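Participant: Chains as they are written, first to last, in the working numbering: chain F, 87 to 501; chain B, 19 to 158.
Sending over a structure as structure tokens; questions will come in a sec.
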Amino acid sequence: MKAYWHSVFLHKEKCTGCTNCMHKCPTQAIRVIDGKAKIIEERCIDCGECIKVCPFHAKDAKTDVLSDLANYRYKVALPATSLYGQFPTEYDMNRVMNTFLRLGFDEVFDVSRAADIISAYLNDYVDNAEEERKPLISTYCPAVTRLIQIRYPSLIDNIITIESPSEVAARQARQLVKAKTGLKDEEIGIFLITECPAKVTSIYKPLGLDKSQMTGAVSLKSIYPRMLKLYDSMTGDMVDMQMGSGVGIGWGRVGGQSYAVDIDNYIAVDGIDEVTKVLDKVDLEMLRGVDFIEGYACVTGCCGGPLNVENPFIAKSRIRKQAKKPPIFSDEELKSMCSFENIVWTNKIEPHQILKLDKDFKKAIEKMTKIEALHKSLPGLDCGACGSPTCRSLAEDVVLGRAKFEDCIVRKGAK
Amino acid sequence: MQESMKYEFSVPTMDFTVAGEASSSIKKVLRQLGIDSGIIRRVAIATYEAEINIAIHSNGGKITCLISPEWVKVIAKDNGPGIENIELAMTKGFSTATSEIRELGFGAGMGLPNMKKCSDDFEITSEVDVFTQLVMTLYL
Ligand code: SF4
Ligand code: SF4
Numbered sequence: 087m088k089a090y091w092h093s094v095f096l097h098k099e100k101c102t103g104c105t106n107c108m109h110k111c112p113t114q115a116i117r118v119i120d121g122k123a124k125i126i127e128e129r130c131i132d133c134g135e136c137i138k139v140c141p142f143h144a145k146d147a148k149t150d151v152l153s154d155l156a157n158y159r160y161k162v163a164l165p166a167t168s169l170y171g172q173f174p175t176e177y178d179m180n181r182v183m184n185t186f187l188r189l190g191f192d193e194v195f196d197v198s199r200a201a202d203i204i205s206a207y208l209n210d211y212v213d214n215a216e217e218e219r220k221p222l223i224s225t226y227c228p229a230v231t232r233l234i235q236i237r238y239p240s241l242i243d244n245i246i247t248i249e250s251p252s253e254v255a256a257r258q259a260r261q262l263v264k265a266k267t268g269l270k271d272e273e274i275g276i277f278l279i280t281e282c283p284a285k286v287t288s289i290y291k292p293l294g295l296d297k298s299q300m301t302g303a304v305s306l307k308s309i310y311p312r313m314l315k316l317y318d319s320m321t322g323d324m325v326d327m328q329m330g331s332g333v334g335i336g337w338g339r340v341g342g343q344s345y346a347v348d349i350d351n352y353i354a355v356d357g358i359d360e361v362t363k364v365l366d367k368v369d370l371e372m373l374r375g376v377d378f379i380e381g382y383a384c385v386t387g388c389c390g391g392p393l394n395v396e397n398p399f400i401a402k403s404r405i406r407k408q409a410k411k412p413p414i415f416s417d418e419e420l421k422s423m424c425s426f427e428n429i430v431w432t433n434k435i436e437p438h439q440i441l442k443l444d445k446d447f448k449k450a451i452e453k454m455t456k457i458e459a460l461h462k463s464l465p466g467l468d469c470g471a472c473g474s475p476t477c478r479s480l481a482e483d484v485v486l487g488r489a490k491f492e493d494c495i496v497r498k499g500a501k
Numbered sequence: 019m020q021e022s023m024k025y026e027f028s029v030p031t032m033d034f035t036v037a038g039e040a041s042s043s044i045k046k047v048l049r050q051l052g053i054d055s056g057i058i059r060r061v062a063i064a065t066y067e068a069e070i071n072i073a074i075h076s077n078g079g080k081i082t083c084l085i086s087p088e089w090v091k092v093i094a095k096d097n098g099p100g101i102e103n104i105e106l107a108m109t110k111g112f113s114t115a116t117s118e119i120r121e122l123g124f125g126a127g128m129g130l131p132n133m134k135k136c137s138d139d140f141e142i143t144s145e146v147d148v149f150t151q152l153v154m155t156l157y158l
């Protein structure tokens, strides 16, 4: 198996080398080489910031298309919680869910329901965690979890080892469909309807488990127009869908998890830069006394996901309203739908020490000395015209053999 | 062949916008050098506390970080007013911070003991009205 797999990729022909994505990437994973944006694979956390910022729509996420459903005998749609923010509040969400049946799916499992189940367990999880592990950090946003792997290895023990709602929904769906239809695993296609490139990557490169129960993912934006059209034109009886309660739906926006856990000492932070600042404080042990942190790479949380269509703040406001829906089941009932063993990770998360300059410490110091000297000789404009995001990163790239000093358009010719 | 490195940061007094920069820059460098994450964390905490201390209690100063294959040293030196009773200053909970600073969430008196806890070797020297210097060493 390849070491890396990323959903985020470049449509080369659309890329103009404008450097917008390079400047926006939170892990400095992008370089512009020969006029095209290139992702340094080990650094990318699939946050999708580059998708959001590209003016030419050259960055996108690899997802499945509806015609891929034909490869399976029974197809299940798992709509992400943030779906609730994508339609005006006067829309009947049950009718919205019915559009999936017309799009070729045989069944729909609302991820918000799985979020309800996880919420029922999360409270005890937070209460019972050892004090040294606090603040506990949610792993709902896989982009944040990957950021921790590469940049905050000392916070790995803080992360919550509970599966994502979509994975829990997929497990339940698979079990139930197998029991109902008698089909084999490979005949059942379970597709996440998603806003999120990081979640797509987790299907192929899961965190905390060996294999995801999902088959693939369809981006919301790719089917949204057809859903709207079907919503208006569908006739006949609608199927009563199993849906989430307000608690589960609330997971679609920042603050929803903390609300679900019902605790006071929490921090809910959105936007990858602000998440980074909060994690810095945790790393400095300045947030002792905080029990729980939910961090989202996207502004407003998943409702601001790169593959959604609605404005993040409008979507958030809609989710806030729907999150008032009363509970459908008690915690005990929710827990009886899925055991705790079925929602926890089986594998330990390992740090990814990819920022190291060299395995050998002395060589690393030598390289660092060269980098510092080179950095001093660069103009400090961070203009990005060389193809590296900052003068500092050009100095690093030169020393690591990824670029040449002459790439600096200001210094070229001057020397 | 160069085997050690030196970084210097000036820390102005009463300026919280700059405090923390030495700590995060040093952290980045140590990460790139591939140093154990537990040690990086202790260096970062010690440096951060030192920066805050200089900003709150002194007339400004300087943080120097030396890195060799055997150890990391953080030297925090300020330009006074110095510490009269070092033993008392090292006591947990003792703080001379003004209420204005406490309101910002700093100055709870954890600074010096916490820095000592993070270091393998901790030296403090001070001369009233002249300077205070902390030398914190962590062995790799
Ligand atoms: S997905 Fe995020 S981490 Fe990956 S290249 Fe784009 S901006 Fe950078
Ligand atoms: S905030 Fe949500 S949509 Fe955005 S990267 Fe994280 S999990 Fe994906």
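For glycine and all other residues, C-beta sits at the position ideal for the given N, C-alpha and C.
For clarity, every value in this text was computed on a predicted model and none was experimentally measured.
Say the cut is 7 Å; is the CB of Tyr382 (chain F) nearer than that to a heavy atom of ligand 4?
Facilitator: Absence of ligand 4 from the depicted structure is noted, with ligand 1 and ligand 2 being the only ligands included.
Participant: Taking the Cβ atom as the reference point for each residue, do Ile101 (chain B) and Thr150 (chain B) lie within a distance shorter than 8 Å?
Facilitator: On the second sequence, position 83 is the one that residue 101 (chain B) refers to. On the second sequence, position 132 is the one that residue 150 (chain B) refers to. Yes, they are a contact pair.
Participant: Hey, Leu502 (chain F) and Leu164 (chain F) are a contact pair by Cβ (cut 8 Å); roughly how many whole angstroms apart?
Facilitator: Only positions 87 to 501 of chain F appear in the structure, and residue 502 (chain F) is not among them; the question remains open.
Participant: Can you list, in chain order, the stretches of the alpha helix (DSSP H) that have 4 or more residues and sit fully within the stretch 181–219 of chain F?
Facilitator: You should have 197–214.
Participant: My assumption, with CB atoms under 8 Å, is that Ser168 (chain F) sits in contact with Cys388 (chain F). Please give the rounded CB distance.
Facilitator: Taking the first residue of the first sequence as 1, we reach residue 168 (chain F) at position 82. Taking the first residue of the first sequence as 1, we reach residue 388 (chain F) at position 302. Sure, about 4 Å apart at Cβ, within 8 Å.
Participant: I'd like to confirm something about Gly294 (chain F): is its beta-carbon nearer than 7 Å to some heavy atom of ligand 1, or not?
Facilitator: For the purposes of this step, residue 294 (chain F) is taken as the residue at position 208 of the first sequence. Gly294 (chain F) Cβ: outside cutoff for every heavy atom of ligand 1.
Participant: Taking 8 Å as the threshold (beta carbon to beta carbon), is Ile63 (chain B) in contact with chain F?
Facilitator: Your numbering for residue 63 (chain B) matches position 45 in the second sequence. True, the Cβ-Cβ gap to chain F drops below 8 Å.
Participant: What are the residues in the stretch 420–453 of chain F lying within 8 Å of chain B by C-beta distance?
Facilitator: From the stretch 420–453 of chain F, only Pro437, Gln439, Leu441, Lys442, Leu443, Asp444, Lys445, Phe447, Lys448, Ala450, Ile451, Glu452 have a Cβ closer than 8 Å to chain B.
Participant: Spatial neighbours of Leu464 (chain F) within its chain, please: C-beta separation below 7 Å, excluding the five flanking residues on both sides.
Facilitator: Locating residue 464 (chain F) in the first sequence gives position 378, where the first residue counts as 1. Cβ neighbours of Leu464 (chain F) beyond the five flanking positions: Cys477, Leu480, Ala481, Cys494, Arg497.
Participant: Jot down the residue ranges of each uninterrupted alpha helix (DSSP H) in the stretch 73–115 of chain B, minimum 4 residues, whole runs only, in chain order.
Facilitator: The qualifying runs are 104–107.
Participant: With DSSP run on the structure shown, which of helix, strand or coil describes Ile274 (chain F)?
Facilitator: Along the first sequence, one-based indexing puts residue 274 (chain F) at 188. The answer is strand: DSSP assigns Ile274 (chain F) an E or B state.
Participant: With three or more beta-carbon pairs closer than 8 Å as the criterion, would you say the stretch 92–103 of chain F touches the stretch 282–295 of chain F?
Facilitator: Output reads yes: the stretch 282–295 of chain F touches the stretch 92–103 of chain F.
Participant: CB Glu380 (chain F) to CB Val430 (chain F), shorter than 8 Å?
Facilitator: Position 294 of the first sequence holds residue 380 (chain F). Position 344 of the first sequence holds residue 430 (chain F). Their beta carbons are not under 8 Å apart, which means Glu380 (chain F) does not touch Val430 (chain F) by this criterion.
Participant: If you compare alpha carbons, which of F:Ser240, F:Leu233, F:Leu293, F:Gln235 is closest to Thr247 (chain F)?
Facilitator: One-based indexing of the first sequence puts residue 247 (chain F) at position 161. Measuring from the Cα of Thr247 (chain F), the nearest candidate turns out to be F:Leu293.
Participant: Going by C-alpha distance, which of B:Phe27, B:Phe34, B:Gln50, B:Ala40 is nearest Asp446 (chain F)?
Facilitator: Within the first sequence, the letter at position 360 stands for residue 446 (chain F). The candidate whose alpha carbon is nearest that of Asp446 (chain F) is B:Gln50.
Participant: Tell me the DSSP secondary structure of Asp483 (chain F) in three-state form.
Facilitator: For this step, residue 483 (chain F) is matched to residue 397 along the first sequence. It is helical.
Participant: Looking at the secondary structure, which residues open and close the beta strand (DSSP E) in which Lys264 (chain F) lies?
Facilitator: For the purposes of this step, residue 264 (chain F) is taken as residue 178 along the first sequence, with counting starting at 1. First-last for Lys264 (chain F): 251–267, but that is the alpha helix (DSSP H), not the beta strand (DSSP E).
Participant: May I ask you to check if the CB of Lys285 (chain F) is nearer than 7 Å to at least one heavy atom of ligand 2?
Facilitator: Position 199 of the first sequence, counting from 1, holds the residue named residue 285 (chain F). Flag set: Cβ of Lys285 (chain F) near ligand 2.
Participant: What are the start and end residues of the alpha helix (DSSP H) that includes Tyr345 (chain F)?
Facilitator: Walking along the first sequence from the start, residue 345 (chain F) turns up at place 259. Residues 342–347.
Participant: If you measure from the CB of Ala229 (chain F), is any heavy atom of ligand 2 nearer than 7 Å?
Facilitator: The residue labelled residue 229 (chain F) in the question sits at position 143 within the first sequence. Yes, since a heavy atom of ligand 2 falls inside the 7 Å radius drawn around the Cβ of Ala229 (chain F).
Participant: Whose CA, out of F:Asp132, F:Asn351, F:Cys104, F:Gly121, lies closest to the CA of Ala115 (chain F)?
Facilitator: Counting from 1 along the first sequence, the entry for residue 115 (chain F) is found at position 29. Checking every option, the nearest Cα to that of Ala115 (chain F) belongs to F:Asp132.
Participant: Indicate the three-state DSSP secondary structure (helix, strand or coil) for Ile234 (chain F) in the structure shown.
Facilitator: Within the first sequence, residue 234 (chain F) is the residue found at index 148, counting from 1. Looking at Ile234 (chain F) - three-state DSSP - the assignment turns out to be helix.
Participant: Report all residues from its chain with a CB closer than 7 Å to the CB of Gln238 (chain F); omit the five preceding and five following residues, and keep chain order.
Facilitator: Taking the first residue of the first sequence as position 1, residue 238 (chain F) is located at position 152. As written in the sequence, residue 238 (chain F) is Tyr, which differs from the Gln given in the question. Leu365, Asp369.
Participant: Measuring CB to CB, does Gln172 (chain F) end up less than 8 Å from Ala409 (chain F)?
Facilitator: Counting from 1 along the first sequence, the entry for residue 172 (chain F) is found at position 86. Counting from 1 along the first sequence, the entry for residue 409 (chain F) is found at position 323. Taking 8 Å as the Cβ cut-off, Gln172 (chain F) and Ala409 (chain F) do not qualify as a contacting pair.
Participant: What span of residues does the alpha helix (DSSP H) with Gly129 (chain B) cover, start to end?
Facilitator: In the second sequence, residue 129 (chain B) corresponds to position 111, counting from 1. From DSSP, the alpha helix (DSSP H) with Gly129 (chain B) extends over 129–136.
Participant: Rounded to whole angstroms, how far is the Cβ of Val153 (chain B) from the Cβ of Glu141 (chain B), which I believe are closer than 8 Å?
Facilitator: Along the second sequence, read from residue 1 onward, the residue named residue 153 (chain B) stands at position 135. Along the second sequence, read from residue 1 onward, the residue named residue 141 (chain B) stands at position 123. The Cβ separation is near 4 Å, so the contact holds.
Participant: Can Glu135 (chain F) be considered in contact with ligand 1, in the sense that its beta carbon sits closer than 7 Å to one or more heavy atoms?
Facilitator: In the first sequence, residue 135 (chain F) corresponds to position 49, counting from 1. Flag set: Cβ of Glu135 (chain F) near ligand 1.
Participant: Does any residue of chain B have a CB that is nearer than 8 Å to the CB of Glu371 (chain F)?
Facilitator: Indexing the first sequence from 1 puts residue 371 (chain F) at position 285. So, interface residue.
Participant: If you draw a straight line from the C-alpha of Cys140 (chain F) to the C-alpha of Ala471 (chain F), how long is it?
Facilitator: One-based indexing of the first sequence puts residue 140 (chain F) at position 54. One-based indexing of the first sequence puts residue 471 (chain F) at position 385. If you take the alpha carbons of Cys140 (chain F) and Ala471 (chain F), they lie about 17 Å apart.
Participant: Please classify Glu281 (chain F) as buried or exposed, where buried requires at least 16 neighbouring CB atoms within 10 angstroms.
Facilitator: As a first step, residue 281 (chain F) must be located in the first sequence, where it is residue number 195. Result: buried.
Participant: Alpha carbons only, please: which of F:Leu486, F:Asn428, F:Tyr382 is nearest the one belonging to Met454 (chain F)?
Facilitator: By 1-based counting over the first sequence, the position of residue 454 (chain F) is 368. It is F:Leu486 whose Cα lies nearest to the Cα of Met454 (chain F).
Participant: Take every Cβ of the stretch 92–111 of chain F, pair it with every Cβ of the stretch 136–151 of chain F, and state whether three or more of those distances are shorter than 8 Å.
Facilitator: The stretch 92–111 of chain F, when compared against the stretch 136–151 of chain F, does touch it at the 8 Å Cβ threshold.
Participant: Hey, how far is the Cα of Ala156 (chain F) from the Cα of Glu492 (chain F)?
Facilitator: By one-based count along the first sequence, residue 156 (chain F) stands at place 70. By one-based count along the first sequence, residue 492 (chain F) stands at place 406. Distance between the alpha carbons of Ala156 (chain F) and Glu492 (chain F) is about 52 Å.
Participant: Could you check the C-alpha separation between Tyr345 (chain F) and Met179 (chain F) for me, to the nearest Å?
Facilitator: Residue numbering aside, residue 345 (chain F) sits at position 259 when the first sequence is read from its first letter. Residue numbering aside, residue 179 (chain F) sits at position 93 when the first sequence is read from its first letter. Approximately 22 Å, taken between the alpha carbons.
Participant: Do we get a CB-CB distance below 8 Å when we pair Val455 (chain F) with the residues of chain B?
Facilitator: Within the first sequence, residue 455 (chain F) is the residue found at index 369, counting from 1. Here the sequence assigns Thr to residue 455 (chain F), which means Val is not the residue at that position. Yes, its Cβ sits closer than 8 Å to a Cβ of chain B.
Participant: Looking only at its own chain, which residues have a Cβ that is under 7 Å from the Cβ of Thr155 (chain B), when we skip the five neighbours before and after it?
Facilitator: Here residue 155 (chain B) is taken as the residue at index 137 of the second sequence, counted from 1. Within the same chain, Thr155 (chain B) has close Cβ partners Trp89, Lys91, Ser137, Asp138, Asp139.
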